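Data first, discussion second: the structure below is written as C-alpha cells.
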Amino acid sequence: MNNYKDKTLSHHEVIILGAGPAGLGVAASLEGWHPYDNNGKNLLNINTKNLSDNGVRPIAHFRELHHPKDNTPYGSNKFNFKKNKRVDWIILSDDAPGGLWNNVPENQLTLGPANWMELSQYPIKQYNYDNKTDINLKEIINKKNLLSYYQKFSEKLKLNDYIHSNHKIISIQKKQNGEFIIYSKFRNLKKEFSCRYLVFALGPKSIKRQLGVTGENFDYINNSYTKPEDFPGKNITIIGGGRSSDWAAQELFDSGKKITYIMRQKEKNHLRLIRESQFLDYYKRWHEIISNKEKNMTILYESKVIRFSKNNQITYENNFKNQTTKSDHVIIEIGGLPNYDLLKNLNLEFHEKYDNYRFQLLQMKVHQHSLESINVSNLYAGGYLAQGTGLSVIGFHAGSFLISGDIIKKIHKNN
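The numbering of the sequence shown is the working numbering, which starts it at 940 and goes up by one.
Right under this line is the structure:
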C-alpha cells in the first residue's frame, strides 16, 4: 500500500479512475492476468490496429471470445488466463470494488442475465463453486449478489492492495512531459498522484443530475432511492422517467405508498419501455399497475417541477398549467453524468450515445483498436464512456483488453 502523507506525490505507470466493472477489468489485465487462446498465444499481443484496418471491430473480436455466438449468453469462455508480470497500477475511486453498484437501491436487479455482468478473468461459474453459491447465469442478478461477485473478483485476483477507495477526484492536468497529475480528496486531505497512462472509468453517473429549481435542498428532498423502509409516511412523489425511477415508484407503490410520478417524457415512450421490458418482473408488474389504473399511482406525463416549498409542497407544470401536490418525501431519480469537467482542459471530442428510448450520455471519441482518446495520447476511456461500446457490462468488458493491451505494448516498447 502507498504511504498517504499529505502533499506527498505518488507516481505510478497507470492510474485507473473508478472501481466499477470497467476499472476492475482493466486492473485485472494490468495485474498480469492475460487471456490466451487454445494455442497458447497471449491475446493481448494481437495487433488490434490491423484487425480494425481489415474491417474487424477489435472489441467485438474479444467479446466473441468471452461469449461465443453458439452459446451466447450462457456459454463457455474461450479465454484461458495465465499470470504474467504485473504493471505498476492503482485504482482511485470514491467507492469500493463494484463502483456505482454500491449506491443503487438495496433490492435493485440487473437488466440482463448474470452472465452478462461477469468479468472474464473470474467467471461466475467459478465464483459459485468457490463460494458455494448458486447464481443462475441465465437469470437477472440482484445488487447483493453482484456486489459480492465484484468484491470476490478483486480478492481472488489480488487487486485489493492497489484499490484506494474514498478518493474523490478533484482535478486532472496533463504536464508538458506527457504525465498526468491527479488531485484527490481523501479524508479531508488533498492527495497528488502522477502517471504516464490514465484510464478514465468513473462511470456514467459520477455526477448526479440536478433539477435546478428553487427548494431542491429541502430536507424532504432525496437525490436517490434506497428501500421503502427509509421513506416513512404515506405520500411519495417520484421525479424521473427512466428505469431507476420506475423501480423506485413500483417498489414503493407495492409497499403501500401513494405515489405521484412526475416525468417529462410522453406517455407513449414510457409505455413502449414497459412493453419492451416484459422480460423483467418489475416491468410485468408495471403493466399490471397501468392496466388496472391503480388509484394510488398517479402518473403525470409531459410534466416538470417548477419549485419546492418549505411546507412539503411541490409546484409542477402539467398541461401548460401550474399545479401543486404535497408529499412526505420527494425522490429525484433523473440519472447522472460522467464527470467530464475533470478533463475540461484537455479539449476532448465527444459522441452522443442513444439507446432505443432516449439520449443516454456523451462518449469520449477514441481509436477503436485501443479506446485511447483521439485527442490526448495515453488517455483511455473505460466502460461505456468509450465511443463504440454498448451500455452494459457485456457491451464494454471486452474493451478492457484493448486498453490494457495497448498500454502494455507501449510500456514494453519504451523499456
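All residues carry an ideal CB built from backbone N, CA and C; glycine is no exception. Bear in mind the structure is a predicted one, so any value in this text is a computation, not a measurement.
> Who are the near neighbours of K1196 in its chain, counting only those whose CB is closer than 6 angstroms to its CB and skipping five residues on each side?
Replying inline: Around K1196, the same chain offers I1175 as residues with beta carbons nearer than 6 angstroms, after the five sequence neighbours per side are excluded.
>> DSSP three-state label for F1125, please.
In response: In this structure, F1125 counts as strand in the three-state DSSP scheme.
> H1106: buried (16+ other C-beta within 10 angstroms of its C-beta) or exposed?
Replying inline: Around the beta carbon of H1106, a 10 Å sphere encloses 16 or more other beta carbons of the protein chains shown; the residue is thus reported as buried.
> Is the CB-CB distance between G1321 and A967 below 9 angstroms?
Replying inline: Contact: no.
> Which of helix, strand or coil does DSSP assign to E1206?
Replying inline: Correct three-state label for E1206: helix.
>> Across the stretch 1158-1169 and the stretch 1198-1217, are there enough close Cβ pairs to call them in contact, namely three or more that are closer than 8 angstroms?
In response: Per the Cβ contact rule, the stretch 1158-1169 is not in contact with the stretch 1198-1217 (fewer than 3 Cβ pairs under 8 angstroms).
>> Quick check on this structure: which residue in W1225, S1104, N1261, M1303 has the alpha carbon closest to the alpha carbon of G1180?
In response: Of the candidates W1225, S1104, N1261, M1303, the one whose C-alpha sits nearest the C-alpha of G1180 is W1225.
> What is the rounded straight-line gap between the Cα of E1256 and the Cα of Y1089?
Replying inline: Their Cα atoms are separated by approximately 43 angstroms.
> Under three-state DSSP, which class holds N1023?
Replying inline: If DSSP states are grouped into helix, strand and coil, N1023 belongs with coil.
> Which partner residues of V1043 appear in the DSSP bridge assignment?
Replying inline: V1043 is bridged by DSSP to nothing; it lacks a bridge partner.
> Can the beta-carbon of D1033 be found less than 9 angstroms from the beta-carbon of I1108?
Replying inline: D1033 is a Cβ neighbour of I1108, given a cutoff of 9 angstroms.
>> Within a Cβ cutoff of 7 angstroms, which residues of the same chain sit near P997, ignoring the five residues on either side of it in sequence?
In response: For P997, where only same-chain residues beyond five positions count, the Cβ hits under 7 angstroms are T987, L990, S991, Q1307, H1308, L1341.
> Taking the C-alpha atoms as reference points, what is the distance between V1269 and N1231?
Replying inline: Roughly 25 angstroms between the two C-alpha positions.
> In three-state DSSP terms, what is S1015?
Replying inline: No answer about S1015 holds up, because its pLDDT of 48 lies below 50 and its placement is not dependable.
> Using a Cβ-Cβ cut-off of 7 angstroms (strictly less than) and excluding sequence neighbours within five positions of E1045, which residues of its own chain qualify?
Replying inline: Non-local C-beta neighbours of E1045 in its own chain, meaning closer than 7 angstroms and more than five positions away in sequence, comprise K1082, T1165, K1166, ordered along the chain.
> Tell me which same chain residues have a C-beta within less than 8 angstroms of the C-beta of N1314, skipping the five on either side of it?
Replying inline: If we look at N1314 and ignore the five residues flanking it on each side, its Cβ neighbours are L1285, N1286, L1287, E1288, K1304.
>> Suppose you measure from the CA of T1072 to the CA of F1092; what does that come to, to the nearest Å?
In response: The straight-line gap from Cα to Cα measures roughly 14 angstroms.
> For K1349, which residues from the same chain have a beta carbon less than 8 angstroms from its beta carbon, with the 5 sequence-adjacent residues on both sides left out?
Replying inline: Cβ neighbours of K1349 beyond the five flanking positions: Y1136, N1317.
>> Within the continuous alpha helix (DSSP H) that includes S1216, where are the two ends?
In response: Element bounds for S1216: n/a, residue is neither H nor E.
> Are the beta-carbon atoms of M1056 and I1253 separated by less than 9 angstroms?
Replying inline: Contact: no.
> For R1182, which three-state DSSP category applies?
Replying inline: Looking at R1182 - three-state DSSP - the assignment turns out to be helix.
> Which residues in the same chain as Q1217 place their Cβ atom closer than 8 angstroms to its Cβ, once the five residues preceding and following it in sequence are excluded?
Replying inline: The answer, listed in chain order, is K1223, H1226.
> Taking Cβ positions, are G1338 and L1310 nearer each other than 9 angstroms?
Replying inline: Taking 9 angstroms as the Cβ cut-off, G1338 and L1310 qualify as a contacting pair.
> Beta-carbon separation of N1251 and K1260 under 9 angstroms?
Replying inline: With respect to K1260, N1251 sits apart: the two C-beta atoms are not nearer than 9 angstroms.
> DSSP state of I1313, grouped into three classes?
Replying inline: DSSP places I1313 in coil when its eight states are reduced to three.
> What do you reckon, are the CB atoms on L1004 and L982 nearer than 9 angstroms?
Replying inline: Less than 9 angstroms divides the Cβ of L1004 from the Cβ of L982.
> Does the beta-carbon distance from L1276 to P1171 come in below 9 angstroms?
Replying inline: L1276 places its beta carbon 9 angstroms or farther from that of P1171.
> Tell me the DSSP bridge mates of N1081?
Replying inline: Beta-bridge pairing links N1081 to L1048.
> What beta strand (DSSP E) runs, 3 residues minimum, are completely inside the stretch 1221-1306?
Replying inline: The qualifying runs are 1236-1239, 1243-1247, 1252-1257, 1260-1265, 1268-1271, 1289-1293, 1298-1303.
> Looking at the structure shown, is G959 part of a helix, part of a strand, or coil, going by DSSP?
Replying inline: Reduced to three states, the DSSP call for G959 is coil.
>> According to DSSP, is A1320 part of a helix, a strand, or is it coil?
In response: Shown here, A1320 sits in a strand according to DSSP, grouped into three states.
> Around the C-beta of Y1159, are 16 or more other C-beta atoms found within 10 angstroms, so that it is buried, or is it exposed?
Replying inline: Result: buried.
> What are the boundary residues of the beta strand (DSSP E) that L1031 is part of?
Replying inline: Run containing L1031: 1028-1031, per the beta strand (DSSP E) assignment.
> Going along the chain, which residues of its own chain have a beta-carbon closer than 7 angstroms to the beta-carbon of N1041, five neighbours each way excluded?
Replying inline: D1034, A1035, L1086, listed in sequence order.
> Alpha carbon to alpha carbon, how far is K980 from H973?
Replying inline: Near 10 angstroms, if we compare the C-alpha coordinates of H973 and K980.
> Y1164 lies in the alpha helix (DSSP H); which residues open and close that run?
Replying inline: Counting along the chain, Y1164 falls outside any alpha helix (DSSP H), and DSSP gives it neither H nor E.
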